[in-house]
Amino acid sequence: MNTINTYRGRFAPSPSGPLHPGSLCAAMGSWLMARQAGGQWLIRIEDIDPLREIPGMAKNHIETLKAFGMESDETVLWQSRRSDRYQEVLNNLLDTGLAFECFCSRKDLLDHNGVHRFCIGKNAEKKPAIRLKIPDITIAFNDQFQGNFSQVLGTDVGDMVIRRSDGFWAYQLAVVIDDADQGITHIVRGQDLLDSTPKQIYLQRVLRVATPRYAHLPLVLDEAGHKLSKSLSSLPIDSGDPVPALRWAWQHLGQNPAKWPHGQDPERVMMKAVSQFEAADIPSFSQMLTT
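The number in this note's numbering is simply the position in the sequence shown, starting from 1, with 285 added.
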């Protein structure tokens, strides 16, 4: 595990499609906060679901971020190359009785609102998922932008899948292991992942690793109030003309338009923006629509 104590942030896109305005805001917000703190900013590719991955998209993400003036301070980490590490942690959870095999399907759990508290699956012929045992506890934390947030894990989440029945690794397990191994101290990401945070905090406690500071940014919504990345209008950002999109993302993050630096070179503009950035001005909820 990385034990560096300085500010270490990250941006972790999934290569299931091009970067869109919402992901640009998340990347920009996390990059600005890391740079203003004098810390490091890393890129991680979350490519553990090949069924959703588009070939070549991960490379496109890295190149697009570079075109927008944001490069990883360390070698890019690829989750698809981390299976041995995830298996090591999973084996320990199974050996200690903290995780178990489960044959329940989503259909089996419909009458329980999808929440798993005990196994009711009958199809032992299929491959099992692996679940983490979740006790009846409440996890609460203070988010830098969203304030106090809590979740009753037993009733709201239930026993959590950490390896899927198709053999693919679950996001919650991979992200916690990677954040710990990379020594991530601050996680700045979209508000849509706010309710994943208590699950991750609990898993951090189980694995006895440090809990980072969390800051969830306002989502980019379309005119109907839907998350833009899920919308038909969720078009990729233009890496051939980065500055207008960067200026738009700056304003979405609640920053004063008058403080946006002049210039056409994305790297220089972004470096100038660091001194003008005010994290306290970031909205505490999703109040902005696309224009």
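In this text, a Cβ means the ideal position worked out from N, Cα and C, and glycines have one as well.
Values in this document were obtained by computation on a predicted structure and should not be read as measured data.
Worksheet item: Are Tyr292 and Gly341 closer than 8 Å when you measure CB to CB?
Response: No.
Practice prompt. Figure out for me which residue from Leu375, Asp393, Arg493, Phe388 has the closest Cα to the Cα of Leu417.
Written response: Answer by Cα proximity: Leu375.
Worksheet item: Roughly how many whole angstroms lie between the Cα atoms of Lys557 and Asp550?
Response: If I take the Cα positions, the gap works out to 11 Å.
Worksheet item: Going straight from the alpha carbon of Phe430 to that of Cys404, what length do you get?
Response: Near 38 Å, if we compare the C-alpha coordinates of Cys404 and Phe430.
Worksheet entry | Environment of His547 [buried if 16+ CB atoms lie within 10 Å] | Residue burial annotation: His547 is exposed, with fewer than 16 other C-beta atoms found within 10 angstroms of its C-beta.
Worksheet entry | For Thr440 and Val505, believed in contact at Cβ under 8 Å, the rounded distance | Not quite, the Cβ-Cβ distance comes to about 31 Å (not below 8 Å), so this is no contact.
Worksheet item: According to the neighbour-count rule (16 or more other Cβ atoms, all chains shown, within 10 Å of its Cβ), is Arg448 buried or exposed?
Response: Residue burial is scored here from C-beta neighbours: Arg448 has at least 16 other C-beta atoms within 10 angstroms and is therefore classed as buried.
Discussion item. Assuming contact is defined by CB atoms lying nearer than 8 Å, are Leu531 and Phe296 in contact in what I supplied?
Written reply: Taking 8 Å as the Cβ cut-off, Leu531 and Phe296 do not qualify as a contacting pair.
Discussion item. Quick check: what's the CA-CA separation for Leu304 versus Leu438?
Written reply: Inter-residue distance for Leu304 and Leu438 is about 32 Å (C-alpha atoms, whole angstroms).
Discussion item. Between which two residues does the beta strand (DSSP E) holding Glu552 run?
Written reply: DSSP places Glu552 in no beta strand (DSSP E) but in the uninterrupted alpha helix (DSSP H) bounded by 551-561.
Discussion item. Along the chain, where does the beta strand (DSSP E) containing Thr440 start, and where does it finish?
Written reply: Run containing Thr440: none in the beta strand (DSSP E); it sits in the alpha helix (DSSP H), 438-441.
Discussion item. On the DSSP bridge list, what partners appear for Asn427?
Written reply: Beta-bridge analysis with DSSP links Asn427 to Asn433.
Practice prompt. Check whether the stretch 304-324 touches the stretch 458-466, taking contact to mean three or more Cβ pairs, one atom from each stretch, closer than 8 Å.
Written response: No, the stretch 304-324 is not in contact with the stretch 458-466.
Practice prompt. Inspect the CB distances between the stretch 383-390 and the stretch 359-366 and report whether three or more fall short of 8 Å.
Written response: Not touching, per the Cβ criterion.
Practice prompt. Please list, in chain order, all residues of the same chain as Lys515 whose beta carbon is under 6 Å from its beta carbon, the five residues on each side excluded.
Written response: Residue confidence is low: Lys515 scores 46 on pLDDT, short of 50, so the model does not pin down where it sits. No coordinate-derived value is stated.
Item to complete: Would you mind reading off the limits of the alpha helix (DSSP H) that contains Met445?
Response: Run containing Met445: none in the alpha helix (DSSP H); it sits in the beta strand (DSSP E), 445-448.
Discussion item. Rounded to the nearest angstrom, what separates Thr360 and Leu327 at their Cα positions?
Written reply: For Thr360 and Leu327, the distance between alpha carbons rounds to 8 Å.
Discussion item. Run through the DSSP bridge pairs and tell me what Leu417 is partnered with.
Written reply: Per DSSP, Ala384, Met445.
Item to complete: Alpha carbon to alpha carbon, how far is Gly525 from Ile424? Give it in angstroms, no decimals.
Response: Distance between Ile424 and Gly525, taken at the CA atoms: about 44 Å.
Practice prompt. Pick helix, strand or coil for Ala343, following the three-state DSSP scheme.
Written response: The three-state reading of DSSP puts Ala343 in helix, counting H, G and I together.
Worksheet item: Between Met318 and Lys411, what straight-line distance do the alpha-carbon atoms span, to the nearest angstrom?
Response: Using only the alpha carbons, I get a separation of about 46 Å.
Worksheet entry | Paired residues, beta bridge with Trp533 - DSSP | Beta bridge pairing from DSSP links Trp533 with no other residue.
Item to complete: Please state whether DSSP places Ala455 in a helix, a strand or coil.
Response: DSSP places Ala455 outside both helix and strand once states are collapsed to three, so it counts as coil.
Discussion item. Less than 8 Å between the beta carbons of Pro306 and Ala343, yes or no?
Written reply: Not in contact: Pro306 and Ala343 (Cβ atoms no closer than 8 Å).
Discussion item. In this structure, how does DSSP classify His501 when only helix, strand and coil are distinguished?
Written reply: Strand.
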